[in-house]
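Colleague: Dumping the structure here so I can ask a few things about it.
Numbering (full-length UniProt numbering), first residue to last: 1 to 337.
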């Protein structure tokens, strides 16, 4: 599979500060219908979002796309990566990252600290600029994924906090951060994790950094968690069995537990089986239609729908458009020879 889908909210939020004509042109170039952004529940291909971010940064010359107090010059992230990859371990790398971004005048002060068993990366508002939620959501996402990449293993986050009110996006945050503990209306925005990861050696080098920087946005969006959450276990069970449309009893038996126990485990992660199944079906549908050249009818069967019409209705609920309309905007990808 390719990069997972992303919420239309993040596409809309990322590009909201662009001039209208620039925004329209970049959306069209990347096959994203502007009207799909009107549906907050719609989802869009991760590759398209990553390409849109890259193109918008190149167009504006600003890595924060107008969300900062001042433009952030192109090459800022690459320079930070080149400085931090030479660190001895993750703790040193995170301190270098925070120190680097304190030198850039974007109205945000970054800090990294460890206390007791917990390490925390902070974003503090250092100006009166009316910052969007997106700048905190996106930068915490990028830094947490970058930390995973540095040591080549997932780092379970203990908590993610935001300096704004709860906007009802917890389900999306769970997908972004693979975390279930969120706090809002905090003095700073931050994420925390176990201090023991700070001693992990850097697993990357100049060659892997070069490949990483070729399309950082895609590398971050496409990065998949390997944590042993129950959400992850359920996804691993469902993925090869979607055509059978397994229910809670089937999944529970496959995982060696009682259905009530599985429901309880998922509830503690803020999830239900149907929600996980819908998101997985959405991601797989995009992959089958666009990259594996499946017909709408075959895709419906492989996802466990008894009728193509039922699949089309579900797809429109997920993506904001029908499968056939989606393919008109996103021609099937043909690999280069």
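Built from N, CA and C at the ideal position, the CB exists for glycine as well.
Fair warning: this is a prediction, and the values are worked out from it, not measured in the lab.
For residue 122, is the classification buried or exposed, using 16 other Cβ atoms within 10 angstroms of its Cβ as the cut-off for buried?
Modeller: With 16 or more Cβ atoms within 10 Å of its Cβ, residue 122 is classed as buried.
Colleague: Residue 147 CB to nearest chain C CB: under 8 Å?
Modeller: Structure shown: chain C not included; a single protein chain is present.
Colleague: Using only alpha-carbon positions, find the residue among 82, 11 and 40 that is nearest to residue 27.
Modeller: Answer by Cα proximity: 11.
Colleague: Please state if the CB of residue 119 and the CB of residue 195 are separated by a distance shorter than 8 Å.
Modeller: Yes, they are a contact pair.
Colleague: Compare the Cα-Cα distances from residue 246 to each of 267, 281 and 292 and report the closest residue.
Modeller: Closest by alpha carbon: 281.
Colleague: I'd like the list of long-range same chain contacts for residue 95, defined as Cβ closer than 6 Å, with 5 residues on each side in sequence excluded.
Modeller: Answer for residue 95: 112, listed in chain order.
Colleague: According to the Cβ coordinates, are residue 324 and residue 286 closer than 8 Å?
Modeller: No, these two residues do not count as a Cβ contact at 8 Å.
Colleague: Look up residue 28 in the DSSP assignment and say whether it is helix, strand or coil.
Modeller: Residue 28 falls in the helix class under three-state DSSP.
Colleague: How about residue 204 and residue 85: are their beta carbons less than 8 Å apart?
Modeller: Yes, the pair counts as a contact, with Cβ atoms nearer than the cut-off.
Colleague: Looking at the unbroken beta strand (DSSP E) that takes in residue 16, where does it start and where does it end?
Modeller: First-last for residue 16: undefined, no H or E at that position.
Colleague: When the Cα atoms are used, what is the spatial distance from residue 1 to residue 171?
Modeller: Residue placement at residue 1 is flagged as unreliable, the pLDDT there being 48, under the threshold of 50; a coordinate-derived value is accordingly withheld.
Colleague: Does the beta-carbon distance from residue 234 to residue 276 come in below 8 Å?
Modeller: Yes, the Cβ-Cβ distance between residue 234 and residue 276 is below 8 Å.
Colleague: Give me the Cα-Cα distance between residue 335 and residue 293, rounded to the nearest whole angstrom.
Modeller: Annotation note: pLDDT 47 at residue 335 (below 50); position unreliable, coordinate value reported separately. Approximately 11 Å, taken between the alpha carbons.
Colleague: To the nearest whole angstrom, what separates the beta carbons of residue 191 and residue 213, a pair I think is in contact under 8 Å?
Modeller: In fact, because the Cβ distance is near 23 Å, the residues do not count as touching under 8 Å.
Colleague: Could you tell me whether the segment 55–75 touches the segment 161–178, where touching means 3 or more Cβ pairs closer than 8 Å?
Modeller: No, because fewer than three Cβ pairs between the segment 55–75 and the segment 161–178 fall closer than 8 Å, the two stretches do not touch.
Colleague: DSSP state of residue 241, grouped into three classes?
Modeller: Three-state result, residue 241: helix.
Colleague: Quick one: is residue 283 buried, meaning 16 or more other Cβ sit within 10 Å of its Cβ, or exposed?
Modeller: Buried, because 16 or more other Cβ atoms sit within 10 Å of the Cβ of residue 283.
Colleague: If we require 4 or more residues per run, which alpha helix (DSSP H) segments fall completely within the segment 136–221?
Modeller: Runs of the alpha helix (DSSP H) inside the segment 136–221: 170–177 and 206–214.
Colleague: Pull up the distance between the alpha-carbon of residue 9 and that of residue 78, whole angstroms please.
Modeller: The alpha-carbon atoms of residue 9 and residue 78 are separated by roughly 27 Å.
Colleague: Excluding sequence positions up to five away, which residues of its chain have a Cβ less than 7 Å from the Cβ of residue 72?
Modeller: So the list reads 62, 63, 64, 104 and 106, once near-sequence residues are dropped.
Colleague: Is residue 271 helix, strand or coil when you go by DSSP?
Modeller: Correct three-state label for residue 271: coil.
Colleague: Counting only runs of 4+ residues fully inside the segment 28–60, write out the alpha helix (DSSP H) ranges in chain order.
Modeller: As far as the segment 28–60 is concerned, its whole alpha helix (DSSP H) runs of at least 4 residues are 46–60.
Colleague: Does DSSP put residue 100 in a helix, in a strand, or in coil?
Modeller: DSSP places residue 100 in helix when its eight states are reduced to three.
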